[in-house]
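Asker: I'd like to ask you about the structure that follows.
Numbering (the UniProt record's numbering), first residue to last: 1 to 114.
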């Protein structure tokens, strides 16, 4: 899993040719810790099909503000550098995996969901 900073965000997310799942988290938060564990397992399952990243909101305040992080954890899905969807709060691993797999299946089409 890639730890994102403002410096590498464009390269890792906006220029990515595969779907990206970004987890905004805080180290001391129990829900975030649980979701980080799920994200690690998803990263192992998806490997070269999708990129799984994380952003420590205490370290990367500008990224947190840019994505309007109000509550944690927050998961953001991107495809070809385009925002697709966001999920606030603790979410089941299976739901995250399913959403990411759908983005992988849509490779070649750029759909935007609001």
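Note that beta-carbon positions come from the ideal geometry of N, C-alpha and C, so glycine has one too.
The structure presented is a predicted model; accordingly, all values stated were derived computationally and were not measured.
(1) State the Cα-Cα distance for the pair residue 101 and residue 29, rounded to the nearest angstrom.
(2) Quick check: the Cα distance between residue 83 and residue 41, rounded to an integer number of angstroms?
(3) For residue 103, name the three-state secondary structure that DSSP assigns.
(4) Spell out the partners DSSP gives residue 53 in its beta bridges.
(5) Check residue 70 in the structure and name its three-state DSSP category.
Answerer: With the structure as the only source:
(1) Locating residue 101 in the chain shown gives position 101, where the first residue counts as 1. Locating residue 29 in the chain shown gives position 29, where the first residue counts as 1. Going from the Cα of residue 101 to the Cα of residue 29 covers about 27 angstroms.
(2) As a position in the chain shown, residue 83 is number 83, starting the count at 1. As a position in the chain shown, residue 41 is number 41, starting the count at 1. Approximately 23 angstroms, taken between the alpha carbons.
(3) As a position in the chain shown, residue 103 is number 103, starting the count at 1. Looking at residue 103 - three-state DSSP - the assignment turns out to be helix.
(4) Looking up residue 53 in the chain shown gives position 53. Answer is 2, 22, bridged to residue 53.
(5) Position 70 of the chain shown, counted from the start, is the residue given in the question as residue 70. Here residue 70 sits in coil by DSSP.
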